[in-house]
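K.L.:
The sequence shown begins at 1 in the UniProt record's numbering and counts up one residue at a time.
We put the beta carbon where it would ideally sit given N, CA and C, even for glycine.
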Amino acid sequence: HSRGHRALMQAAAAWPENAELASELAKQKAYAAAVPAADDIELESDMEGLCLDPNCEALASFDVPLQARDAALAQAQFGDARLIVQTRQAVLSADECADAVRLTEEYAAAHGGWSSSRHVSYSTVDLPLHTLDALLPWFNEAMRERLLPLVSSAPGFRRLLSRHGGASALRVHDAFVVKYDVTGDAGQ
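(1) Determine the direct distance from the alpha carbon of A7 to that of S162, and round the result to whole angstroms.
(2) Could you spell out where the alpha helix (DSSP H) holding T104 opens and where it closes?
(3) Do F176 and L136 count as a contact pair if the criterion is CB distance below 8 Å?
(4) Check the DSSP bridge columns for Y180 and list the partner residues they point to.
(5) Between the C-alpha atoms of L117 and D99, what's the straight-line distance to the nearest angstrom?
(6) Report all residues from its chain with a CB closer than 8 Å to the CB of A22; omit the five preceding and five following residues, and keep chain order.
(7) Within the same chain, show all residues whose beta-carbon is closer than 6 Å to that of Y31, passing over the 5 residues directly before and after it, in chain order.
(8) Are T104 and Y180 touching if we call contact CB-CB under 8 Å?
(9) Do you know whose CA, among E24, A19 and N18, lies nearest G4's CA?
(10) Look at L148 and L170 and say whether their C-beta atoms are less than 8 Å apart.
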């Protein structure tokens with residue numbers, strides 16, 4: 001990620017008129033506050049305090065199913081890390097989720113609706129989280145304080161992170177609030 005970020009910074013400086021580069025750079029800057037400091041996360045920490053339920057179950061992690069063309073690249077980047085992480089307990093409260101939905105719906109109503117450009121083949125619409133000024137600080141704090149520490153303590157991630165400088169190597173590349181239509185009507 002660091003090499004990619006440096007390349008993006010250099011490209012954006014060389015071509016400041018490029019709207020796509022400027023947009024990507026703005027997105028990365030928006031999520032920078034979600035990154036924990038190098039010494040904020042102990043890789044060997046237990047899960048206490050990361051889940052809302054004091055009886056939080058141990059994490060499970062799973063392999064990412066890859067297309068053959070992606071397997072070699074993933075192996076080179078991630079080794080044998082299991083990159084899907086699941087916990088049985090809530091990490092975000094029901095109230096936090098309800099607030100996120102409300103704030104996103106308010107934004108959509110005030111800014112021309114939801115986007116379907118990412119999911120044209122699926123019955124979902126979304127809004128990029130970095131555009132939601134009312135929600136971004138909460139998201140960045142939740143990532144920094146709960147979600148990234150949770151992921152960094154999952155089986156498989158510890159070895160990967162130890163090879164890449166620790167938990168502070170985790171980054172948010174993209175985040176969005178997704179609205180799913182159970183009737184299956186794509187773009188609604």
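P.N.:
Here's the rundown:
(1) In this model, S162 and A7 are separated by some 24 Å (Cα to Cα).
(2) Run containing T104: A94 to A110, per the alpha helix (DSSP H) assignment.
(3) No, Cβ-Cβ distance for L136 and F176 is not below 8 Å.
(4) Bridge partners of Y180: T124.
(5) Before going on, a small fix: residue 117 reads as Ser here, not Leu. Rounded to whole angstroms, S117 to D99 spans 25 Å at the Cα level.
(6) Closer than 8 Å at Cβ, skipping near neighbours: A12 and P16.
(7) V172, listed in sequence order.
(8) No, the pair does not count as a contact, with Cβ atoms beyond the cut-off.
(9) Considering only alpha carbons, the answer is E24.
(10) Closer than 8 Å, so yes.
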